[in-house]
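Engineer: For what it's worth, the numbering used here labels the leading residue of the sequence shown as 444, then goes sequentially. We put the beta carbon where it would ideally sit given N, CA and C, even for glycine. Treat the numbers as computed from the prediction; the structure is a model and nothing was measured. My questions all concern the structure below.
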Amino acid sequence: MQDIVVATGNKGKLKEINQVLNPFGLRALGQSDFDVPEIEETGLTFVENAILKARNASKITGKPALADDSGLEVDALQGAPGIYSARYAGVDACDADNVAKLLDALKDLPQAQRTARFQCVMVYLRHEADPVPLICQGSWEGYIDFQASGDNGFGYDPVFVVPEKNCTAAQLPPQIKNQLSHRGQALKKLMAAFAAKQNGQ
Ligand SMILES: O=P(O)(O)OP(=O)(O)OP(=O)(O)OC[C@H]1O[C@@H](n2cnc3c(O)ncnc32)[C@H](O)[C@@H]1O
Ligand SMILES: [Mg+2]
444 MQDIVVATGN KGKLKEINQV LNPFGLRALG QSDFDVPEIE ETGLTFVENA ILKARNASKI
504 TGKPALADDS GLEVDALQGA PGIYSARYAG VDACDADNVA KLLDALKDLP QAQRTARFQC
564 VMVYLRHEAD PVPLICQGSW EGYIDFQASG DNGFGYDPVF VVPEKNCTAA QLPPQIKNQL
624 SHRGQALKKL MAAFAAKQNG Q
């Protein structure tokens, strides 16, 4: 197994990333295993924040690093919470606080006006070795339910309805979420880019 540092403090993300990477002989380790402190996410886009996080972890560890910056875009909220999804209800907000704030913001809206999508940008880079980082993206369309259901996943999963499965992301088995999700899609593209690199394409 080859180890990759993942510039995240989010255990849910790390679990999902490992499910995809392990079959390729790769093991994702969180940056806290390498004593990398979390960096402030000062970027204005997912890609900027993903580069900031990957750069920080690679620079400090001297190893290649992978970072995921992701979030939920709600059409009725003009794309909010977007890059601020983790801190929607405040800097120290937990998942339940963020979900409660979202349900309240949408409480008067019918289903047709509750459309939303998850976005994920994955960046892989080696500090000072890569002239250009590898950047992959995935998105996942759905809508926001009227209440929370399901115990799997993390973040907004209990209120994110996956139309083709007619349930929330938190009600899906983890391997099905990874097949469909923004993160799963970004990782699939990343694995294809790795394979192309190895074949000299
Ligand atoms: O920055 P790191 O340390 O990786 O962890 P984080 O949780 O702060 O991650 P982000 O800054 O990328 O913010 C992403 C937030 O978007 C939400 N989110 C992203 N992907 C999600 C998913 O698959 N399911 C549910 N919510 C998700 C969730 O609230 C995350 O905390
Ligand atoms: Mg974050």
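Count Cβ pairs between the segment 488–502 and the segment 565–577 that sit closer than 8 Å; are there 3 or more?
Structural biologist: With the cut-off at 8 Å, the segment 488–502 and the segment 565–577 touch.
Engineer: Would you say the segment 614–622 touches the segment 590–597, given that touching needs at least three Cβ pairs under 8 Å?
Structural biologist: The segment 614–622 vs the segment 590–597: in contact.
Engineer: When DSSP builds the beta bridges, which residues end up paired with residue 511?
Structural biologist: According to DSSP, residue 511 bridges with 565.
Engineer: Where the beta carbon is closer than 5 Å to any heavy atom of ligand 1, which residues qualify, in chain order?
Structural biologist: Qualifying residues come out as 451, 452, 453, 512, 513, 514, 528, 529, 598, 599, 600.
Engineer: Under 8 Å, do residue 587 and residue 517 count as touching if we go by C-beta distance?
Structural biologist: Contact: yes.
Engineer: Taking the straight line between their C-alpha atoms, what separation do you get for residue 469 and residue 504?
Structural biologist: So the alpha carbons of these two residues sit roughly 17 Å apart.
Engineer: Please work out which residues of its chain come closer than 6 Å, Cβ to Cβ, to residue 573, disregarding the five sequence neighbours upstream and downstream, and give them in chain order.
Structural biologist: Here the set comprises nothing.
Engineer: On the DSSP bridge list, what partners appear for residue 587?
Structural biologist: Bridge partners of residue 587: 603.
Engineer: Could you please give me the residues that DSSP links to residue 470 through a beta bridge?
Structural biologist: 446.
Engineer: Just to check, is the beta-carbon of residue 459 closer than 7 Å to a non-hydrogen atom of ligand 2?
Structural biologist: Outside the cutoff, so no.
Engineer: Report yes if the CB atom of residue 636 is closer than 8 Å to the CB atom of residue 579, and no otherwise.
Structural biologist: Their beta carbons are under 8 Å apart, which means residue 636 touches residue 579 by this criterion.
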